[in-house]
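According to numbering that gives the first Met the number 0, the sequence shown holds residues 0 to 229 in order.
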Amino acid sequence: MPNWAENELTITGPDVNRILETIRSQSGEDEDVRILDFNTIIPYPQMYRDMDKRAEEYREKLNAIANDDPQHKQKLEALGAEYGVEPGAPWIKDGFNSGGYEWCCDFWQTKWNACHVHLTTRADSSKPLHKTAKCAYCQTVHKTETMVVLTCQQCGSPLPDAEPIQAFLEFDTAWSPPIPVIEKLAAMFPDHTFELKYFEGGMGFSGHARWSEGIEEFHHQYEYDGPRGG
Numbered sequence: 000m001p002n003w004a005e006n007e008l009t010i011t012g013p014d015v016n017r018i019l020e021t022i023r024s025q026s027g028e029d030e031d032v033r034i035l036d037f038n039t040i041i042p043y044p045q046m047y048r049d050m051d052k053r054a055e056e057y058r059e060k061l062n063a064i065a066n067d068d069p070q071h072k073q074k075l076e077a078l079g080a081e082y083g084v085e086p087g088a089p090w091i092k093d094g095f096n097s098g099g100y101e102w103c104c105d106f107w108q109t110k111w112n113a114c115h116v117h118l119t120t121r122a123d124s125s126k127p128l129h130k131t132a133k134c135a136y137c138q139t140v141h142k143t144e145t146m147v148v149l150t151c152q153q154c155g156s157p158l159p160d161a162e163p164i165q166a167f168l169e170f171d172t173a174w175s176p177p178i179p180v181i182e183k184l185a186a187m188f189p190d191h192t193f194e195l196k197y198f199e200g201g202m203g204f205s206g207h208a209r210w211s212e213g214i215e216e217f218h219h220q221y222e223y224d225g226p227r228g229g
């Protein structure tokens with residue numbers, strides 16, 4: 000098990016809901032990636048993804064062969080021939096162990112996707128209510144003061160909320176914070192502000208960074224002397 004870096008990311012700006020829709024997985028079965036999936040920001044390469052899927056399929060087929068199956072030996076031989084391994088091999092090489100691990104460390108600065116994700120949104124009282132909203136898809140501008148349902152009248156897409164909100168994401172990452180991921184996200188949405196606070200109690204470090212207009216405003220790192228994690 001890794002030491003977990005605990006991350007707190009606050010997102011502020013004119014259309015926070017659009018960001019929340021962008022960073023969530025549309026098809027993932029994992030509850031965490033339904034809220035925050037690094038692949039929507041910096042995608043894990045398809046080559047490694049395909050190898051991971053192939054390895055998972057192999058394990059499923061191997062586990063489906065019962066030990067008391069009268070054709071146990073023949074089925075193991077056929078499965079081994081299909082995947083190019085010795086009959087009964089407990090696993091085949093996946094993408095994560097064929098360069099995917101190194102890729103994640105280089106491009107996400109953590110070996111896994113975000114874990115233990117929790118999202119809270121709240122009204123951003125520092126900003127006035129929006130009187131107009133621009134559709135992100137067809138760019139049509141609407142007066143929202145009299146609209147009951149915020150939907151683009153031109154293309155039917157949802158419009159940004161009239162009431163500005165802040166998003167507060169809490170999540171864990173293995174060993175270190177995902178700085179490259181937040182940097183890329185800030186560059187994707189330069190009209191928003193991203194503020195990250197993190198600490199890792201096992202190795203004893205913490206930090207505070209902010210991005211605005213697509214660039215880093217500051218990134219301070221400190222020694223952490225609070226409770227030790229494991």
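All residues carry an ideal CB built from backbone N, CA and C; glycine is no exception. Bear in mind the structure is a predicted one, so any value in this text is a computation, not a measurement.
Using only alpha-carbon positions, find the residue among A54, L118, Y221, N6 that is nearest to S97. S97 has its Cα closest to that of A54, out of A54, L118, Y221, N6.
Separation of D31 from C114, as counted between CA atoms: Rounded to whole angstroms, C114 to D31 spans 6 Å at the Cα level.
Return the first residue and the last residue of the beta strand (DSSP E) that W102 is part of. Careful: W102 lies outside any beta strand (DSSP E), inside the alpha helix (DSSP H) at 99-106.
Less than 7 Å separating the beta-carbons of I40 and V180? Yes, they are a contact pair.
To the nearest angstrom, how far is the alpha carbon of F188 from that of T120? Distance from the CA atom of F188 to the CA atom of T120, rounded to whole angstroms, is 18 Å.
Taking the C-alpha atoms as reference points, what is the distance between R209 and Q138? Going by the C-alpha atoms only, they are around 29 Å apart.
Please identify the residue among M46, F37, G12 whose C-alpha is closest to the C-alpha of R23. Comparing Cα positions, the closest option is F37.
Can you tell me whether H191 is buried or exposed, with buried defined as 16 or more other CB within 10 angstroms of its CB? Counting Cβ neighbours within 10 Å, H191 comes out buried, since at least 16 surround it.
Residues bridged to N112 by DSSP? Answer is none; N112 lacks a bridge partner.
Taking the beta strand (DSSP E) that I10 belongs to, which residues open and close that run? Start and end: 3-11.
For H207 and I214, the rounded distance between their alpha carbons: Cα to Cα, I214 sits roughly 15 Å from H207.
In whole angstroms, give me the CA-to-CA distance for N2 and G200. Between the alpha carbons of N2 and G200 lies a gap of roughly 8 Å.
Three-state secondary structure assigned by DSSP to T139: Correct three-state label for T139: coil.
Considering Cα atoms alone, identify which of W107, A63, L61 is closest to W174. Comparing Cα positions, the closest option is W107.
Opening and closing residue of the beta strand (DSSP E) in which K60 lies: For K60, there is no enclosing beta strand (DSSP E); the residue is found in the alpha helix (DSSP H) stretching over 45-62.
Pick helix, strand or coil for K230, following the three-state DSSP scheme. Only positions 0 to 229 of the chain appear in the structure, and residue 230 is not among them; the question remains open.
Tell me F193's beta-bridge partners as DSSP assigns them. F193 is bridged to I10, W210.
Could you name the residues that DSSP lists as bridge partners for Y221? For Y221, the pairing in a beta bridge is given by DSSP as S205.
Measuring alpha carbon to alpha carbon, tell me which of K183, D93, F217 ends up nearest R48. The candidate whose alpha carbon is nearest that of R48 is D93.
I need the DSSP call for F170, collapsed to helix, strand or coil. Strand at F170.
How long is the line joining the alpha carbons of L78 and D68, rounded to whole angstroms? Within the model, the alpha-carbon separation for L78 versus D68 is close to 14 Å.
Own chain residues within Cβ distance below 6 Å of P86, not counting five before or after: These residues qualify, in order along the chain: L75, E76, G79.
When the distance is taken between beta carbons, is L8 closer than 7 Å to L168? Inclusion of L168 and L8 in the CB contact set at 7 Å is warranted, their separation being smaller than that value.
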